[in-house]
Each structure stands twice: as C-alpha cells, then as structure tokens.
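Trainee:
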Amino acid sequence: MSSAPHPEAGRRLLPHIADQVAADTPDRVLYEYPSSADLTRPWTTVTARQFANAVDRAAHWIRDNVHDTKTIADNRTEVLGYSGPPDLRYYILVLAAVKAGFVMLYTSLRNSPEGDAAVLEAAGCTTWLQASRGTHIQRVVDLGTPFAASLRLVALPELGFFLDDSTPSPPFSYTKTWDEGRRDPVWVLHTSGSTGHPKPVTRFLDSVAFAEANTLLRPIHGRPLLLHDIWGARAYLGFPMFHAAGLNNGILWPLVHGGTIVLGPPDLALNTADVVADVIRAARPAALYLPPSLLEDLAKDEATLQLLGTTKAIGYAGGPLSHATGNRIVDRLPHTVLHQGIGTTETGWLPAVLTDRRDWFYTHVHPDTGCELQDRGGGLYELVCVRQAALEQWQPIFSTFPDLQAYPFRDLFSRHPDPRKSDLYRYEGRIDNVLVLSNGEKVQPQAMELAIVASPLVGDALVVGQGRFQTALLVQPSPSARSLPLPDFLAALAPVLDEANRTAPAHAHIHADFVLVGDPSKPFVRTGKGTIRRAPTVELYKDELDALYERAEAAQGEGGVVDFATEDSLRDSLREAIKGLASTNKAIADDDDFFVTVGLDSLQVLTIRRQIARDVPDSIRPADIAAALIYRNPSLAALTRALWEMQSAGGQAADREGSAAEQLLAEYSRTLQAIKTSANGANGHATNGTNGASNSHTPTVVLLTGSTGSLGSHLLNTLLHTPDIDEVWCLNRAEDGGLEKQKELQARLGTADSLETALTAGHLHFRRARLADDHLGLHGDDYARLQRSVTHILHTQWQVDFNLAVSSFKPHLAGIVKLVELAASSTRHPHVLFTSSVGIANRSAAAVPEQFLSDFSTAGSGYGESKLLAELLLQKAAAVHGLPVTVVRVGQISGPVTLPKHAGIWNPKEWFPSLVAFSAHTRRLPTSLGRNERVDWIPADHLAQILLEFATAATAATAPGEATLVHAVHPRSTTWSDVLLPSVLAHFKAQGTPLQAVALDDWVATLVKEAQTADDALSAKLSALRLVPFLSSLATASAPARPLFDTSIAVQKSATLQSLPPIAADSVEIWLRQWGL
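Numbering (our numbering), first residue to last: 862 to 1938.
(1) Identify every residue that forms a DSSP beta bridge with S1697.
(2) Checking 7 Å against the spacing of the C-beta atoms, do A1781 and H1742 come in under that value?
(3) Determine the contact status of F912 and L941, defining contact as a CB-CB distance below 7 Å.
(4) Can you look up D1236 in the DSSP assignment and give me helix, strand or coil?
(5) Taking Cβ to Cβ, would you say F822 is nearer than 7 Å to H1656?
(6) In angstroms with no decimal places, state the Cα-to-Cα distance between L1985 and L1632.
(7) Write down every uninterrupted run of the beta strand (DSSP E) in the stretch 983-1023 whose length is 3 residues or greater and which is fully enclosed by it, in chain order.
(8) When you compare the CB positions of V1827 and D1797, do they come within less than 7 Å of one another, or not?
(9) On the DSSP bridge assignment, give the partners of F1627 in chain order.
(10) Secondary structure at Q1857, three-state DSSP: helix, strand or coil?
(11) Could you tell me which residues DSSP puts in a beta bridge with E1428?
(12) What number of angstroms, rounded off, separates the C-alpha of S1480 from the C-alpha of F1100?
(13) So D1321 is in the beta strand (DSSP E); what residue range does that whole segment cover?
(14) Would you kindly check if the distance between the Cβ of E1682 and the Cβ of I1536 is under 7 Å?
(15) My guess is that E1617 and A1016 are in contact by the Cβ rule of under 8 Å, so how many angstroms apart are they, rounded?
(16) Identify which residue in R950, Q1266, W989 and G1623 has its Cα closest to the Cα of E856.
(17) Express the C-alpha separation of L1296 and L1155 in angstroms, rounding to a whole number.
(18) Can you name the start and end residues of the alpha helix (DSSP H) that F963 belongs to?
(19) Which value, in whole angstroms, describes the spacing of the CA atoms of L1252 and G1231?
(20) Unbroken beta strand (DSSP E) runs of length 3 or more, entirely within the stretch 1631-1705: which are they?
(21) With DSSP run on the structure shown, which of helix, strand or coil describes E869?
(22) Quick one: is L1265 buried, meaning 16 or more other Cβ sit within 10 Å of its Cβ, or exposed?
(23) Tell me, please, which residues DSSP counts as bridged to H1200.
(24) Assuming G942 is part of the beta strand (DSSP E), what are its boundary residues?
(25) Let me check one thing: in DSSP terms, what residues is V1336 bridge-paired to?
(26) Cα separation between F1274 and R1287?
(27) Determine contact between the stretch 1720-1740 and the stretch 1568-1575, defined as no fewer than three beta-carbon pairs at a distance below 8 Å.
(28) Quickly, what does DSSP pair E893 with across the bridge? List them, please.
(29) At a Cβ threshold of 7 Å, is Q1736 touching chain C?
(30) Is the separation between the beta-carbon of S1844 and that of V1865 shorter than 7 Å?
(31) Keeping to the same chain, check which residues put their C-beta closer than 6 Å to that of W1932; ignore five residues upstream and five downstream.
(32) Quick check on A1926: does DSSP put it in helix, strand or coil?
(33) Relative to the C-alpha of D1433, which candidate in P1269, E1041, Y892 and L1500 has its C-alpha closest?
(34) Provide the residue(s) that pair with A1148 in DSSP beta bridges, ordered along the chain.
(35) Once DSSP output is grouped into helix, strand and coil, what is the label at L1296?
(36) Is S1668 buried or exposed, if buried means 16 or more other CB atoms sit within 10 Å of its CB?
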C-alpha cells in the first residue's frame, strides 16, 4: 500500500498515474497470472514498466488500426467495444483508448444478443475489437438488423503482442492537464441486462480519480477505511473483467494503492470455487475479493474453508452473503478479516469505515462522502448522496450525473440495534424491483413477468429470488385456467417459461422446479391503481416460497436423483437432472455439449456437482466430485463414463486419453466415410490439375491454412517466390483473414514487397475461415471457386498447447474432415499436405519409421495424440476418397539462415534461445543438452522449401488414393557438444566475454537457484527462468533420449532436404547476432 498520499491525489488523470508509477517503480509487479492451465508451473508477472509499455503499444495500435480520427459526428469520444478471454487486455485497452482519444465499452458475456445490440447502439459503438476467442459479438452480427450490419469488426492482437517488451514501444504522448482531460470518458459499462434492454453507463476520468482521493479521507474514531488491507496487498480478484468490480479495482488498486492483482487462468471463462481454491494454493495471495456465491461455496467445505484462512483479508461485493457463511468465516478463521464492500457501476466503491469484526455485514458510510441514510419508514433507510462542493473529490456519482444535486441509490438499509453503533447500517435490498441473487447477479424481472402474463393461462406473475441462489416464479392462474389440475397447468406453462427464459440472461432463468402457484384465496397485494405491490406480496407467500426452495434443493441433492445402480441408470438420471437444470423440454442427446448445446452456466454446474456429490456410492468421496470433472467431461456420454470409471476405480478418475483418442478416431472416420466425392474429383479423373494428365499449363492454386503462424509465414514467403505458383488463398481465423498480421510478419522477413505485389496482382487472397464449419466458414462464392480451382491444400494451422486433453482438439479434427470434404468435392484433384509433429512418438523407445502408426500411448500429450489422429484420418481419406495425401512429421524448427540481411529472427523466448541467453547472463554454458543432445533441426526457411517440394515437385507426385508419410528432420544430424557448443564458446570468447563450460546438472542447478531468487525485472528479461521445468527435464537421468526418425523416403522426395548441410557454426553465428548476444 502507498505510504503517503500523492500531493496531487484526486486531481491526476489515470494515464499520467500509470506512466508515473512506471517511471518511479518500474519493476514493481502489478499483475500475476498463470502461464498455463497447470497452476503449479511458474506464473507470469507484469511489472509497472511492462504494463505502461503495453498501454503505449496498444494506443499506437488503436490509432493505426481503428480510425484516423478520434471523434464521431456528434463530437463524442468514439466508443470501441470489446469482449474476450479474461486477460489483461481488458485493463490495457482502457488506458490505451484514453491515450489515443477513444473509450472502451465492455459488455457482459451473459447478455442476450438483443441486449448487447441495445447497449452498443445506445452508446454509439460502431467498431468492435474482436478477440480470436472468448468473444460473443458474432451473435449480435447474426441478428441481421441494420445496426448489426453496420458494425465494423477489427481483429485484436493476442495479449502477447502487447506485453512483448523485447522491443519497447515508442511512448505514446499524452499531455492533457487535469482541466483538459477530467471530463474525458474512461470506460463504458452497462446496467443490468436482466430486463429488456440494458443501458450504457459512462465513467469519466475525474470519476475514477476519486480512488486516489480516498487516500486523503480522515480516519473516523481512529478507524481506517474499509478494504485498506486489501487495496495494497497481493489480492486475488475473482470478478469478471467486464464487471465494474473487476474493472475498477483491477486497474486502480495496483496503480493507486500499490497492490498486486492476482488473476486466475486466462483461458477459463467460468470462475468456480474449485478454480479459486487452486489459485489460492498456487499463488498464496494475501487477500481475496470475490462475489458472495464463490465465498459461499468455498466456506461450505472444511478443506477450502481452512484454505481461506491462509489469507489476511477477504472482501466480497455485488450481492448479499448469508449470515451462516459470514459467521462461519469470522468464527473459524481468527486471523482473517471479512469485509462487505458496496459500490455501483455508476460510481465505483462507496468509501466506508472499518467496523468491528462481528459487524462484518454492517456498513459505516464515511461522513465525508456526503451520503445520507434517509428514513423511508418501517425501519428502512435509503442511501442518498447529497451534492456538496467541498466534498467533490469523494462524490464521483456527480461526475456520472453532473446535472443532479442529489442521487438516491435506491438501496435500503436498516440501522444497527445497538444505539452506540447508530452509524452502522445493514443492507436490506433494493427499493425498486431489481433482485440481487446470492451470487451477486442482478435480475430485473419486469420483462420476464410481462412475457409470462401475456399467456392466457396466467393472471398474475411475480419473479422472485432476492438473496436466493436462483429465481422462482410466483404465479396466479387466469380464471380460465383455474379449473386445470395442477400438473396439467404446470405442463401447459412450461413453453411459456421457455419463451420467457429465451431472451433473459442465463442467471435469470426460471427452472421448472421453482414455480409456486398462488392460492386463489390469497390474491396478490395491489396498489390503488391496480399494480402489484411486490414486497407485501412476497411477504404474503413467504412460508410457501421458503418451502419451495427447500423442496427444490432437496430434490436436487437427495432422493436418488443420480442413480449409480447401472451405467444406463447413471446416464438417464444425469440426463433428467441436467434437463431440469437447463429448464428445457428439448431432448438432450448423449453427445450434446453441456455448455454449447444445452446452455448450462457456472451456477448450474455447481448445482449438478452438489447433486452428484450427495448421491455418490461409498467408493467415491463426495469431495472428489469437483466442478472441473464436469467441465472436462462436458456431455452425458463423457460424464457418465468418467463417473462410472471413478466408481470402478475406487474413486479415482481414470486416465482415458488413449481411449478418448480411439473413440474420436472412430467418430471422425464415420464422418469421413459419409463424405460424397465429386465425379470429376478424387475418385474420378483430374481434368486439369497438376496431378492429372494434361500437356497444357493449368494454374496452380494453393490453399494455405495458418499463414500467420511462424512456419506458415515462411511457407507463404516461399510460395510467393515460386514462379510455378499462380494463386494462393490464405485461410486464417482473424476477421480480415490475417492480412494485417501477415503484412507485419512479411516485413519482419524482409519480403513485404512481394506480398504487396501479389495482392495488387490479384494472385493472393486472404479470407476469414472457421475450418470446422460447413464450407470452412467461407462465403458460398469463395468456396465454389476453390472447388473449381484449388490444386494443393497445405494445412499448417493447429493449436500448440501441451496441456490440453485430446478432446479439446475436436475443432481441429473437424477441420481436417472439412478440408477433406473440399478436396473430395473438388474438380481438380488437390494434393493435401498436412504438417504433423514428431511429438506423435515422443515416448517411443525405438526408431520411428516413415509409416503411419496407431499407438496413441507413444504420444505423451493430448497435442501429440491429436496430430496422430489427424494423420490416421488423412490416411483413411486417401483410401476412401482417392485423395493424394502427404503427411509431414515436423521436428525442431530453428531460425532461418538464408533470408535477406538475416531477417526472420528465431523467437528468443523458445527453449534454445532462452538457454543460450541465460548462459550469457551467468557466463556458464552446459556441455550437454541431455535428451536433446542430438541436433536434427531444420531452419525455418529451408523447411518451407522442403514442404513445398513435398507438395508440388515432380519427385513428390503422389498417386490418387495414396497417402505418403515423411519426416522433416535433418538427415545429417549433429550434436550440441560437437558443433554448437564450440561455436557458442568461440563467439563469446571473440567478444571478450568468455563462457565457462559446465556439466548440465550444474547448469540446471544454477538455473533453479537463479529462478528462486530472481526479481521481476530479471524474470521478464530471461525467459529461461519461466522454462525451468522443461530445461530441468533435459538433465533427468530417467528421461529417455528422443527417438530417431527415419528420413529415407523424405530425402527421395525433397532435393533440398537431401542436400541440406548440417547445422554449423555460421548458422549459430547468425542466430546469436539476431538475439543481440
């Protein structure tokens, strides 16, 4: 926490604060987050300098890629929309947009498409920054409205682009004074999306400056501000980044209060108690700030309750916390304090004073905020902020609403019963109709009620659920429906509920078990003008509603809902339980994805987890049923199989990756078999393709996937410099087909001119594609053109993530099928080349032949299994559809060696460049590379030429129906100790900075020791410190050497590979100079 307030506290603009923090404390860590799904691996840290650099780079990117002007017609700052994975781009873009003269708008991932469209249109947002994943803007575009059609989508770079500080970004000048910039918008969020249309809420720079002004607030009776022990700590922030609490606190706490924000896995869209527990175990934060629903779940389990006790402070906000849970935390965790935070989207956090430990659920509003608790009768008081010029710094609400003199928050409180604590008030709920669920989600029920009352079956309807874990419906049948028996009435009401749920966010859905039919003798309480009085009516039915929730909870967790008697009964009972949770009458197939097809949300996952845990047999511990089990097995078939195997294995989850791969092979093989083949295509005769018999020149047209990848960019460069290639189609995931990123990549390779020439001549095309979709996600005309013209398909696009299970690669496998479908329906008999990986045999003890293999156990990872699956699918495609296929198993790719002026640097963050850089730092170089001692690497530029020869050269001609498999590893391998070690030593000796050659074990010991003591700046500089597990594994005595890969066939099919010189000193010298060593 900052030791003293800044002299200009409360009158500094946010971009200036960020730049000043970077200048004063450049190495202070602002953020920490997991580097991968394995939270036990080293975490990524982001320093103040790195963050400021990322902001500047993003500001330049916005200015260069979005618009040339910064304002729209009505002179308002232009609004840029964004949603994506929960990573630091949310925070970086806020400051970058302000610097560049824009403002970011963030919408909830839970909004309906109509709700999102309403927010965007009301905010004047016509440009959307589109992430490669985790975004939901396409749903808005698919609405087809004139506004949706006008949206401009701009592909946003990945987080790594902004955080890469190997080349510092030029500073982005921001010179506005306080008076010039204070009324500039800082971000746009929105009100609850639970009703018809949420509304945008804009905060301004002077509004967020109040966070720094809070440091000037005086103690009250010697008590500091509430949350003072969280702001400046290493605090885990468990709110979504599009939520006011996640955005406001995630930016302001590190920059203003000196704290460090700990974030969860950036690839996990849904936060759960299991995830939070894993983060606490791995990161050991000093404080937590969570929605109450997560805190409820964590406190229920004894083990995770004790885990909470490892923190010094826990704050919650966004909704009520049950007294039982709060008291349990206070009673059982004597060294942890519990805080209730109160804030709004419109104003941020409401400054409050620290209360006694036992008064954790009371709020003491700081008197210098100008907020009053005004009597509303019945022992209830409404929070109202009254404008006072002397308190302007602490009244941000009047920045949001500058024309008001008073702002009623519409929140009701009751006073503490102890007269000595008359300044303490307990939150009782909203004065209006908004329901706040126990998980912090807000539900505006009016739109749902109107939809339900519109049915002739319904007389009156109220959606209830204040403080509950989900909504319920209190309904009075219409006079015409009162004669229906209750089961018949509920059955007839079901489609009405489905329709009401359809346009509401998931957290507002009413499930079939949560419907209470009112008693005609107890009519709803109404006002004089005939409208229903909500609170008195709910009170009238309080006992019945309490019983309803109790019955529903009991039905979810007791009474044999999940039946483990047989595997079939388990599957059927799970189906019924999930169907009830999803509130749907539609059938749920065994393979329907719970989250994509069925539409379960995180709350429903927790509910089904509780159901299963309460009904498991003795062989399974309830604690072993984690939410992660459901996420990893997201279908009835997968979840049933996992649970059944757990029962058979005495509660241990089985390792089913091998069987999963075999099942996927069977599944996609059936799909391949069903593909129709063109009469003039693969099983017919090629009429004018390069593999057909024709004496006249016919155009060679190449379809290339993944051109913006490292290998793909080199491959495209080679294609553009090959005279026999007439046309190239690049398919990438980016909205512009990858064109802008490709320009950047080709510039790095020194070949930007050839790219522009090909584009101008119409020989190069970029298209946005979704390979797993029908027609590859292309427009019909483009797909038809490819069917008529393509002669070669080069498929290099594949996600590289060794942590994923093989089932997570299903979209890539589906992409293989769709590419085969294109080839089979093509009239030009295209040759399909796929870049596989030597990782398919990572665990093989024997030499690997150039043959198709089927043993998934040798892969060693889901990534390797997915590549092996793709190989086998393409082998089958060749046999079934007569396609010419070449599969290339690619080994280690080194930096290029032949590009102009040695362009195309080998990524210095890969393992070998990192090893050499660390050695230069410590002046110690290992004499061996252990299991990676053999150097059979191929430079990227040579590999691109080799692949092209495999695909197009006459010696690589592959007959229809034949699948060829080759290895792209160096046929004349050398070793580290024989060639590279002497070369590296000679280089540094010539520079006057000689290195000492040491045993690999000693070198690894130095690495591990350095990693344990390195500060943030050094960790950011030396990527080897983030690769300790992999580099340490090189010295593991039990680790087998990498298998040898035969190249007998490959050298016959590629002249370049056949004549490729071994890696030598000159190549090493190129790489070292490129790395600046």
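In this text, a Cβ means the ideal position worked out from N, Cα and C, and glycines have one as well.
Mentor: By the coordinates alone:
(1) R1750
(2) no
(3) no
(4) strand
(5) This structure gives no information on residue 822, because the portion of the chain shown stretches from 862 to 1938.
(6) The first residue shown for the chain is 862 and the last is 1938, placing residue 1985 beyond what the model contains.
(7) For the stretch 983-1023, whole beta strand (DSSP E) runs of length 3 or above, ordered along the chain, are 988-991 and 1013-1016.
(8) no
(9) Paired residues: C1591.
(10) strand
(11) Partner(s): none; E1428 has no beta bridge.
(12) 36 Å
(13) V1319 to V1325
(14) Between I1536 and E1682, the gap from beta carbon to beta carbon is short of 7 Å.
(15) Between A1016 and E1617 the Cβ distance is about 19 Å, and since that is not below 8 Å, they are no contact.
(16) No statement about residue 856 is possible, as the shown extent of the chain runs from 862 to 1938 and does not include it.
(17) The straight-line gap from Cα to Cα measures roughly 18 Å.
(18) Secondary structure note for F963: it is in no alpha helix (DSSP H), and the uninterrupted beta strand (DSSP E) holding it is F963 to Y967.
(19) 7 Å
(20) 1653-1656 and 1692-1698
(21) coil
(22) exposed
(23) G1176
(24) Where G942 is concerned, the enclosing beta strand (DSSP E) stretches over E939 to S944.
(25) A1322 and V1378
(26) 5 Å
(27) no
(28) T906 and V1123
(29) Looking at the structure shown, chain C is missing, and only one protein chain is on hand.
(30) no
(31) G1756 and W1767
(32) helix
(33) L1500
(34) A1096 and A1174
(35) In the three-state DSSP reduction, L1296 falls in the strand class (E or B).
(36) buried
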